[in-house]
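What follows is a short report on a single structure.
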Amino acid sequence: MTIRTIATQPIDGQKPGTSGLRKKTRVFMQSHFLENFVQATLDAIGGAEGKTFVLGGDGRYFSPQVAQVILRMCAANGAAKVIVGQNALLSTPAASHLIRLNKTDGGFIMSASHNPGGLDEDFGLKFNMANGGPAPESVTDAIHQATTRITEYRVLEAHDVDLARIGATRLGDMAVEVVDPVTDYANLMETLFDFPKLRDMFAAGFRMRFDAMCAITGPYATEILERRLGAHEGTVVNGTPLPDFGGMHPDPNPTWAKDLMDVMFAADGPDFGAASDGDGDRNMVVGKNTYVSPSDSLAVLAANAYLAPGYRGGIAGVARSMPTSAAADRVAEALGVAAFETPTGWKFFGNLLDAGKVTLCGEESFGTGSDHVREKDGLWAVLLWLNVLAERGQTVAEILADHWAQYGRNYYSRHDYEALPVDQASAMVDGLRTRLAELPGTEAEGMEIAAADDFAYTDPVDGSVSRGQGLRVSFTDGSRFVIRLSGTGTEGATLRLYLERYVAGPGGLDLDVQEALAPVAMAAERLAGIRGTSGREGPDVIT
Ligand code: VG1
Ligand code: CO
């Protein structure tokens, strides 16, 4: 087998966003596009010589071809070994676990996560480090730099590796090990949660619906919920991963997982419902007639984690992304543990987790996780909820009500304005940014502005600084809104408006969420003019 060195030129637009490089699939299919990015990644991490990597993804369209290219390029760049999920499948948390379990040098995850898949939809590629977590900004910046200077890439001329067959094989001088994508992950879950207790709960008639949205968690959820925990066959729906996710948008929120919402709010709905996203790192949790906002979910899990065997000793601290509600902070305060506020994106949690400063992390975007891996983990969150339900013997609604009675309630919602013209969206954000300094002390919708800034984060572990992470405006009554542009979209710009209002209780804990937040939304409109400028009547997606 010959190693070929192919001459190439830099291709524009290879800057990784919030979570890896995401583009329209056809863009990834352009000549040299994928190869340039893979070579730039390998160069940016100091080469592949002698290294071991993990490879897998959510099975979306184009993944089988991409997996073969990555294998051939790793071989040509001198890698010692690549561990691949069977059929190139691995959920993002399972990939993170395999990287750590096998003490590898990192891994490639082929996914655009919650973005739709298919020839006319999205593809994505992300590199994770030896700790199992997404490459930090220093590395993604280095990758981007390398893409702007690239002149050649190396690839082995070889036949495709048979990724359907589990076992060891070789590609040139490189070892390839094809592994079952589910087993190691499922075993990890057994160490964290009380499986016998959960089995008893299901045996006693507890009913659940898990919507895998035709994405990667299907096989994981089927193995864990139905086989290992004895939930009824059919508990997992849309359980077969499809290259185009069956035409669905694999984003677990009330809009895109509407089927699940309908079932959970029907008269004879199950006790518990959940959904996860394309690559299995997100979760939506729903009780009978009860939607749990991701910010509340993080807070409830932080308060109750000690009920699960893996967290019996308590948690070291909690971290949340800046736009996530402060509900988790109140729990941290009550527990006497540290609370951290990071920029959006899981890569910012890695250092805190590695340093043992936090045990639980979460984002308002349906992401929750712990120090068991270095990614958010959809099924993990579902299992922790199940463990809490089993221990407390309460419904989801009762647990939420108790939580708010104890800590007060952070009403929370995110309004997304999608596919805006890029210039228009940037102008709105820039316009507000230039006025931030003059806002404190002024009023909007009868509320006084207490503070306004552009969030910057100094990593407490390595001192690195990340600026421009979202505009936040807070009011003297504790309400606030945040505005930032999405870093995962592939078309136009998506503007996210995050709204929050705190009510201490005991009264006012059962308001309609959008009504409770209406004044904050109006203040945001007054200051940022999103509807006025875009001409939109309202957000495209409300979560
Ligand atoms: C979004 C979410 C963010 C999340 C990221 C990746 O980013 O807001 O919280 O970490 O997606 O999630 P953005 O830049 O579009 O707001 V996943 O599950 O799509 O990898
Ligand atoms: Co995801």
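Going left to right, the sequence shown walks through residues 2 to 544 as the numbering used here numbers them.
Where is the CB? At the ideal position from N, CA and C, for every residue including glycine.
Just so we're clear, the structure is a prediction, and the values are computed from it rather than from any experiment.
With distance defined between alpha-carbon atoms, name the residue in the options nearest to residue i.
| i | options | result |
| --- | --- | --- |
| Ser139 | Ile531, Ser465, Met2 and Met523 | Ser465 |
| Val287 | Arg229, Leu102, Val397 and Lys82 | Val397 |
| Asp372 | Gly394, Ala147 and Arg101 | Arg101 |
| Phe349 | Glu334, Val338, Gly363 and Trp386 | Gly363 |
| Arg229 | Ile217, Glu492, Lys198 and Arg527 | Lys198 |
| Asp272 | Ala205, Asp252, Asn254 and Ala49 | Ala205 |
| Gly247 | Asp212, Gly235 and Arg375 | Asp212 |
| Leu97 | Gln87, Ala89, Asn88 and Phe109 | The sequence as given places Ser at residue 97; Leu does not occur at that position. Nearest of Gln87, Ala89, Asn88 and Phe109 to Ser97, Cα basis: Phe109. |
| Leu496 | Pro540, Ala77, Ala453 and Tyr413 | Pro540 |
| Gly469 | Pro94, Thr477, Thr459 and Leu22 | Thr459 |
| Gly58 | Asn129, Glu334 and Met202 | Asn129 |
| Asp121 | Glu50, Thr491 and Ala517 | Thr491 |
| Gln66 | Ala80, Gly79, Thr42 and Phe29 | Phe29 |
| Arg415 | Glu399, Leu486 and Ala426 | Leu486 |
| Glu446 | Arg527, Met214 and Gly432 | Arg527 |
| Thr382 | Arg393, Gly235 and Phe367 | Contrary to the premise, residue 382 reads as Ala rather than Thr in this sequence. Measuring from the Cα of Ala382, the nearest candidate turns out to be Phe367. |
| Thr343 | Glu334, Gly337 and Glu365 | Glu365 |
| Asp201 | Glu392, Tyr413 and Ala428 | Glu392 |
| Asn305 | His404, Pro253 and Glu439 | His404 |
| Glu227 | Ile484, Phe203 and Gly125 | Phe203 |
| Gly314 | Arg434, Thr435 and Val338 | Val338 |
| Ile484 | Gly508, Phe34, Ser467 and Gly432 | Gly432 |
| Met262 | Asp142, Gln425, Met214 and Thr6 | Met214 |
| Gly493 | Gly134, His233 and Leu421 | Leu421 |
Do residue j and residue i count as a contact pair if the criterion is CB distance below 8 Å?
| i | j | result |
| --- | --- | --- |
| Ile225 | Ala187 | yes |
| Leu500 | Ala525 | yes |
| Val237 | Ala222 | yes |
| Ser112 | Thr489 | no |
| Ala300 | Val332 | yes |
| Tyr418 | Ser294 | no |
| Ala123 | Lys25 | Contrary to the premise, residue 123 reads as Asp rather than Ala in this sequence. Yes, these two residues count as a Cβ contact at 8 Å. |
| Val521 | Phe482 | yes |
| Ala309 | Asp195 | yes |
| Tyr154 | Thr9 | yes |
| Phe38 | Gln15 | yes |
| His115 | Pro251 | yes |
| Thr345 | Gly506 | no |
| Gly311 | Leu193 | yes |
| Pro242 | Arg283 | no |
| Asp245 | Gly379 | no |
In angstroms with no decimal places, state the Cα-to-Cα distance between residue i and residue j.
| i | j | result |
| --- | --- | --- |
| Asp269 | Thr291 | 13 Å |
| Arg166 | Asn388 | 35 Å |
| Ile46 | Gln40 | 10 Å |
| Lys377 | Ser92 | 11 Å |
| Ala89 | Val183 | 12 Å |
| Pro220 | Gly240 | 7 Å |
| Met323 | Phe476 | 16 Å |
| Arg208 | Leu384 | 14 Å |
| Leu157 | Met74 | 6 Å |
| Ala136 | Pro17 | 10 Å |
| Ala356 | Val462 | 7 Å |
| Asn411 | Met285 | 18 Å |
| Leu437 | Asp454 | 6 Å |
| Leu56 | Ile84 | 6 Å |
| Gly457 | Tyr503 | The residue you asked about is not Gly; residue 457 is Ala in the sequence shown. Going from the Cα of Ala457 to the Cα of Tyr503 covers about 23 Å. |
| Ile4 | Ala77 | 6 Å |
| Leu390 | Phe341 | 27 Å |
Assign residue i to one of two classes, buried (16 or more other C-beta atoms within 10 Å of its C-beta) or exposed (fewer than that).
| i | result |
| --- | --- |
| Asp297 | buried |
| Val1 | The structure shown does not extend to residue 1, since the chain is modelled only from 2 to 544, so the question has no answer here. |
| Lys104 | exposed |
| Ala327 | buried |
| Ser64 | buried |
| Val374 | buried |
| Ser32 | exposed |
| Val423 | exposed |
| Thr360 | buried |
| Asp163 | exposed |
| Asp13 | exposed |
| Glu36 | buried |
| Asp280 | buried |
| Ile400 | buried |
| Ala428 | exposed |
| Gly274 | buried |
| Asp106 | buried |
| Gly86 | buried |
Closest Cβ-Cβ distance between residue i and chain B: below 8 Å?
| i | result |
| --- | --- |
| Arg210 | This model lacks chain B altogether; it includes just one protein chain. |
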